[in-house]
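What follows is a single structure, written as structure tokens, with notes after it.
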Amino acid sequence: MTLEVWHEQLRRGGLDLAILLSVARGPRYGLEIIQHLEEFTDLVITEGTVYPILGRLTAKGLLTAEWTAAEGPHPRKYYRLTDSGREQLAQMAAQWKEFIGKIARLMDAAEGGTHEDQRGR
Amino acid sequence: MKISEVGESRVRGYLFVLERSLRTFLPREVVADAAREVESHIRERLDQIPPAADERGAVERVLRELGPPLKVAQAYSLEMTVDEAVATGRVTPMARAFLHVATTTLGGFLAAVIVLWGYVAAAILFSAAVAEPFLPRNVLFTFDYVVPLVKFGYPEVPSGVDQGGYWVIPYALVCGFGILVAVHRGARGWLTWWIERRRMMQLRLIDVAPEEDAVEFR
Chain G
655 MTLEVWHEQL RRGGLDLAIL LSVARGPRYG LEIIQHLEEF TDLVITEGTV
705 YPILGRLTAK GLLTAEWTAA EGPHPRKYYR LTDSGREQLA QMAAQWKEFI
755 GKIARLMDAA EGGTHEDQRG R
Chain D
4 MKISEVGESR VRGYLFVLER SLRTFLPREV VADAAREVES HIRERLDQIP
54 PAADERGAVE RVLRELGPPL KVAQAYSLEM TVDEAVATGR VTPMARAFLH
104 VATTTLGGFL AAVIVLWGYV AAAILFSAAV AEPFLPRNVL FTFDYVVPLV
154 KFGYPEVPSG VDQGGYWVIP YALVCGFGIL VAVHRGARGW LTWWIERRRM
204 MQLRLIDVAP EEDAVEFR
């Protein structure tokens, strides 16, 4: 596996979680979600790929979508987390933290010396 | 930024191609909603550009960042059609998903042909089981080959000697069901593998390098 493929897999793994997190504090519309992700992550997402993902998450019942005409000069489609979406987000976030915690411990161990060194301590 | 007639027609052209492409794979109401959302996005993006900016460059930049309409349509189809097929395994989403993959890649086309062949084989066996009591001459159960073989022809009567009689009914039902389950599971598994692969390829398109002539967004 090349480093490029590994990086893509890593980003892909975090994409659904990142999108769900961006609507965790309240409803947002598509462009707002994209700009929020760009502000906090290097998951630079082309607009063309984020809308289908939002559509899939909505079809799965993790998000609800509602058109609002009063908020701006153009109608906006706002996405908000459903109860099951909130539940799934909590589980995903917990698993993500657990995963990066384990990797961090592995990295610490690797930086601390070889396996044989550690066994000799 | 308010755009001129020229800019407006460019945006309309983009939306037209997007809508036409989406209609191939998705239900009408989903298409209308997706096109409306993309249009809203384009208008919002254009509103964020200072009025003094070069209009042509601004419109092209917004559309480029959105991605080619065909790619956007494929992304919608991938996420909504194929994902639903993988998640539910229901017949209509599976049919839509295979229509999508068959029209997207050569490998997808070949896979769709194999899957279709499997479903047709199962359907013929079920038809033979149902037809045996009513059209016994049209259903033939023979042991002339390595495995017991069911032949079904209508209105032509298949050639050969019928050796199995009514045993063709349970045999055809069991074989038909076995083939149906195997093909359906295989199709779902293949779609799961395919969607993962396509998403990986899409992510390669995600990085958009900032351009020298980029228009500043507020």
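Those protein sequence lines, which keep their order, are chains G and D.
For the first sequence, my numbering gives the first residue as 655, with consecutive numbering after it.
For the second sequence, my numbering gives the first residue as 4, with consecutive numbering after it.
Glycine is no exception: its CB is placed at the ideal position from the N, C-alpha and C atoms.
These numbers were taken from a predicted model, which means no experiment stands behind them.
CB contact below 9 Å: residue i versus chain D
| i | result |
| --- | --- |
| Thr703 (chain G) | yes |
| Leu657 (chain G) | no |
| His728 (chain G) | yes |
| Pro706 (chain G) | yes |
| Ala713 (chain G) | yes |
| Gly739 (chain G) | no |
| Leu685 (chain G) | yes |
| Arg666 (chain G) | yes |
| Lys751 (chain G) | no |
| Arg710 (chain G) | yes |
| Lys756 (chain G) | no |
Residue i at chain G interface by Cβ criterion, 9 Å
| i | result |
| --- | --- |
| Ser7 (chain D) | no |
| Pro71 (chain D) | yes |
| Val33 (chain D) | yes |
| Leu18 (chain D) | no |
| Arg39 (chain D) | yes |
| Val75 (chain D) | yes |
| Glu11 (chain D) | no |
| Arg201 (chain D) | no |
| Arg46 (chain D) | yes |
| Met4 (chain D) | no |
| Asp165 (chain D) | no |
| Met83 (chain D) | yes |
| Ala78 (chain D) | yes |
| Ser162 (chain D) | no |
| Ala90 (chain D) | yes |
Residue span of the alpha helix (DSSP H) that contains residue i, given as start and end
| i | result |
| --- | --- |
| Ala678 (chain G) | Premise fails: Ala678 (chain G) is in no alpha helix (DSSP H) and is neither H nor E. |
| Arg26 (chain D) | Glu8 to Phe28 |
| Leu138 (chain D) | That residue, Leu138 (chain D), is in no alpha helix (DSSP H); it is neither H nor E in DSSP. |
| Val149 (chain D) | Careful: Val149 (chain D) lies outside any alpha helix (DSSP H) and carries neither H nor E. |
| Lys74 (chain D) | Pro72 to Tyr79 |
| Asp36 (chain D) | Arg31 to Asp50 |
| Pro96 (chain D) | Val94 to Ala105 |
| Val85 (chain D) | It is not in any alpha helix (DSSP H) - Val85 (chain D) carries neither H nor E in the DSSP assignment. |
| Glu58 (chain D) | Glu58 to Leu69 |
Identity of the residues DSSP links to residue i by a beta bridge
| i | result |
| --- | --- |
| Lys154 (chain D) | D:Leu143 |
| Thr722 (chain G) | G:Arg730 |
| Leu717 (chain G) | G:Leu735 |
Expected contact under 8 Å - CB spacing of residue i and residue j to nearest Å
| i | j | result |
| --- | --- | --- |
| Leu674 (chain G) | Leu743 (chain G) | 5 Å |
| Ala115 (chain D) | Phe101 (chain D) | 4 Å |
| Gly16 (chain D) | Gly702 (chain G) | Not a contact, Cβ separation roughly 16 Å. |
| Ser80 (chain D) | His103 (chain D) | 5 Å |
| Met4 (chain D) | Ile45 (chain D) | Not quite, the Cβ-Cβ distance comes to about 11 Å (not below 8 Å), so this is no contact. |
| Ile6 (chain D) | Val62 (chain D) | 6 Å |
N- and C-terminal bounds of the beta strand (DSSP E) containing residue i
| i | result |
| --- | --- |
| Leu779 (chain G) | As displayed, chain G neither begins before 655 nor continues past 775, which places residue 779 (chain G) out of reach and without an answer. |
Residue i versus residue j - alpha carbon distance
| i | j | result |
| --- | --- | --- |
| Arg730 (chain G) | Ala56 (chain D) | 24 Å |
| Lys714 (chain G) | Leu735 (chain G) | 11 Å |
| Phe144 (chain D) | Gly121 (chain D) | 20 Å |
| Val171 (chain D) | Ala185 (chain D) | 21 Å |
| Glu725 (chain G) | Glu752 (chain G) | 39 Å |
| Gly755 (chain G) | Arg64 (chain D) | 40 Å |
| Tyr705 (chain G) | Glu159 (chain D) | 53 Å |
| Tyr174 (chain D) | Gly156 (chain D) | 17 Å |
| Thr91 (chain D) | His187 (chain D) | 12 Å |
| Glu662 (chain G) | Leu119 (chain D) | 33 Å |
| Pro96 (chain D) | Glu87 (chain D) | 6 Å |
| Cys178 (chain D) | Leu128 (chain D) | 7 Å |
| Thr718 (chain G) | Glu40 (chain D) | 14 Å |
| Ala678 (chain G) | Arg740 (chain G) | 8 Å |
| Phe146 (chain D) | Leu183 (chain D) | 23 Å |
| Thr722 (chain G) | Ala37 (chain D) | 15 Å |
| Gly709 (chain G) | Met83 (chain D) | 7 Å |
| Val133 (chain D) | Asp670 (chain G) | 47 Å |
| Ala85 (chain D) | Ile757 (chain G) | Correcting the residue identity first, residue 85 (chain D) is Val in this sequence and not Ala. In a straight line, the C-alpha of Val85 (chain D) is about 33 Å away from that of Ile757 (chain G). |
| Gln745 (chain G) | Thr27 (chain D) | 36 Å |
| Ser12 (chain D) | Glu32 (chain D) | 24 Å |
| Leu66 (chain D) | Glu22 (chain D) | 15 Å |
| Lys135 (chain D) | Thr106 (chain D) | Residue 135 (chain D) is actually Glu in this sequence, not Lys. Answer to the nearest angstrom: the Cα atoms are 38 Å apart. |
| Leu18 (chain D) | Glu720 (chain G) | 21 Å |
| Phe180 (chain D) | Arg99 (chain D) | 22 Å |
| Ser43 (chain D) | Tyr683 (chain G) | 10 Å |
| Leu20 (chain D) | Pro72 (chain D) | Checking the displayed sequence, the identity of residue 20 (chain D) turns out to be Val instead of Leu. Approximately 6 Å, taken between the alpha carbons. |
| Ala748 (chain G) | Glu199 (chain D) | 24 Å |
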